[in-house]
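These notes concern the structure reproduced below.
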Amino acid sequence: MTSTALRRGLAPEADRSNALHPGAWWIWALGLGTAASRTTNPLLLALLIGVAGYVVVARRTEAPWARSYGAFVKLGLAVIGIRLVFAVFLGSPIPGTHTVVSLPEVPLPEWAQGVRVGGRVTAEGLVFALYDGLKLATLLICVGAANALANPARLLKSLPGALYEAGVAVVVALTFAPHLIADVQRLRAARRLRGRPDRGLRGLLQVGLPVLEGALERSVALAAAMDARGYGRTAQVPAAVRRTTAVLTLGGLIGVCAGTYGLLTAEGATYGLPVLLAGLVAALAGLWLGGRRSVRTRYRPDAWGVRAWLVAGSGVVVAAALIVSGSYDPAALRPGVVPPSAPRLPLLPAAAVLLGLLPALVAPVPAPAAPVASAPAAPVPAPGVPAPAPPASAEAAGAAPPASAGTTGSSPPEPSPAPSSHLPKEPS
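Once you know that position 92 of the sequence shown is 92 in UniProt numbering, the rest is easy, because the numbers rise by one and skip nothing.
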C-alpha cells in the first residue's frame, strides 16, 4: 500500500456527510495555545508553530477564510519586532551584565521612577523579550490556524439556542462584508475610469454614500426575507427559569475567566483547572436553559463524530501534557536568561506536542478545487461564407430553472445581488 493510499484510508475526501465539526478545530487550536502559554522555551514554541502550520497546509480549503493564516503569521512577526523595540528603548525588568549597546538616556521626573527611556541594552533583556514575544506570536498563530480551518458560518450555526440572536447577527455581518468590499472596489474603479480622485476625504465621501445606500437596501430586503421565514420567534419561559439561567450563565462566565487566568499563570495551576471545569459546567447549564426560549430548527446539523473527538482530543492532550510537565520540570519549559544559555529540548513535552499532528492524519482531506472549463473557440468562417446560425436551446427559448425550496436554520437567507440598474449610482 502506497503512502497516498494509506493517507486516503485514514482520512477520506471531505464532503457534506463527513465534514469535520468546526468546534473540533477550535478546541484543537485552543489546546495548542494553552500549551504555548505554559512555556517560554523557544524550541517548544517553534515546534508548536510548525505543528499548527503543517496541519493548516494539509487540511485547509480554498475558501476565503482559509487565507487568513498568513495574516496571523505576519501579525506574530510584528509582535516579536515590537516587543524587541520596547526592550531596546524602554528597558527590560531583567537585570543583566552583558551590555550590547548603550543608548543616550532621557532624564525623567521623579514621579516616573521605575521607567527609563534609553540606557544600557543587555543581552539578557533582549533574550527575555524575544522569548516573551515568541510566546505571544505562537498564541496568535494558533488562533489563526483555527480561523483558517474552521468554517465560521458553520461554527455559528452550531451555537446553542441561547446565543441564537448573536449568531444570526454575526452571520449577517459575515455575509454582507464581501458585498461591501465589492461595492467599494466597483465604485473606485468607476471613479478612476471617469478621471475622478478615489482617495482622500472627498473620494471617501463620494464612495461611502453609495456603499451605505446599497447596504441599507440589502438590509431591508434581508429583514423582510427573515421575517417571512419566521426568524425571531420566542417561547414563553417562566420567570424562575430566566433568573436561574442568568445566575448560571454569569457565574459560569466568571468561573471560566478565573480558571483560564489560573491556567495561564504559574501560581494558579492548582486551582485553575477545577475552577475552569466548574465554570464550564455552570455556563453550559445556563446556555441549555436559555436555549428553551428560542424556537428554531436546524437544517443539516453538523455531527460530532469519531474524527472530531480525535482532533479535539489531540489538542487537549497537548495542553494537559505541557501543564503536567511544568509541575515536575519547570526549568525545561521556562529556561533562564540570567546568565544567557542555550535552551534544551525536553523530550517528553516535545513528543506530546507532536501529537498535535493527528488532525493532519484523521481529518477529512479537502476536495481539490474544480478546474474552470474554458468555452471552446467559435470557428472562423472563410471569406465570403456566412456564419452558421447557433442551435436553439431551452435556455435561449426562455426556460427558467426551477426555484429552490427555502430552508430554515440559524443562517439567514442571503439575498440575491441586485441588477446593475438597481444598484446605487455614484453622485456626480
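Virtual Cβ for every residue (Gly too), placed ideally from N, Cα, C.
Assigned with DSSP and collapsed to three states, Gly31 falls in helix.
Judged by DSSP secondary structure, Arg154 falls within the alpha helix (DSSP H) whose first and last residues are Pro152 to Lys157. The DSSP-derived three-state label of Ser37 is helix.
A straight-line Cα-Cα distance of about 50 Å links Arg191 and Gly91. C-alpha of Ser158 to C-alpha of Pro152: approximately 10 Å in a straight line.
In the three-state reduction of the DSSP assignment, Val117 falls in the strand class, which pools E and B.
Scanning the region 176 to 264 for uninterrupted alpha helix (DSSP H) segments of 4 residues or longer gives 200 to 228 and 239 to 264, listed from N- to C-terminal end. Nearest Cα to Ala52 within the set Ala331, Ser341 and Val318: Val318. Taking C-beta atoms as the reference points, Val56 and Tyr69 count as a pair closer than 9 Å. Where Leu103 is concerned, the enclosing beta strand (DSSP E) starts and stops at Thr99 to Val106. Taken in chain order, the whole alpha helix (DSSP H) runs of length 4 or more contained in the region 47 to 97 are 69 to 90. Per the Cβ contact rule, the region 328 to 343 is not in contact with the region 16 to 26 (fewer than 3 Cβ pairs under 8 Å). Taking Leu180 as reference, the option from Leu47, Val211, Gly313 and Gly96 with the minimal CA-CA separation is Val211. Across the structure, Pro359 and Arg218 are spaced so that their CA atoms are roughly 39 Å apart. Each of Gly290, Gly259 and Trp288 was checked against the Cα of Gly279, and the nearest Cα belongs to Gly259. When secondary structure is reduced to three states using DSSP, Val365 falls in the strand class. Boundaries cannot be given for Gly305, as no alpha helix (DSSP H) includes it and DSSP labels it neither H nor E. Between the alpha carbons of Val353 and Leu204 lies a gap of roughly 48 Å. Per DSSP, the continuous alpha helix (DSSP H) segment holding Ala148 begins and ends at Ala123 to Leu149. Sequence-distant Cβ neighbours of Ala150 in its own chain, meaning closer than 7 Å and more than five residues away, are Pro22, Trp25 and Trp26. In the pairwise beta carbon analysis, the region 125 to 137 is classified as touching the region 75 to 82: at least three pairs are separated by under 8 Å. Setting aside the 5 residues that flank it on each side, Trp304 is surrounded in the same chain by His21, Gly23 and Ala24, each with a C-beta closer than 8 Å to its C-beta; the list follows chain order.
Taking the CA atoms as reference points, Val220 sits about 11 Å from Glu213.
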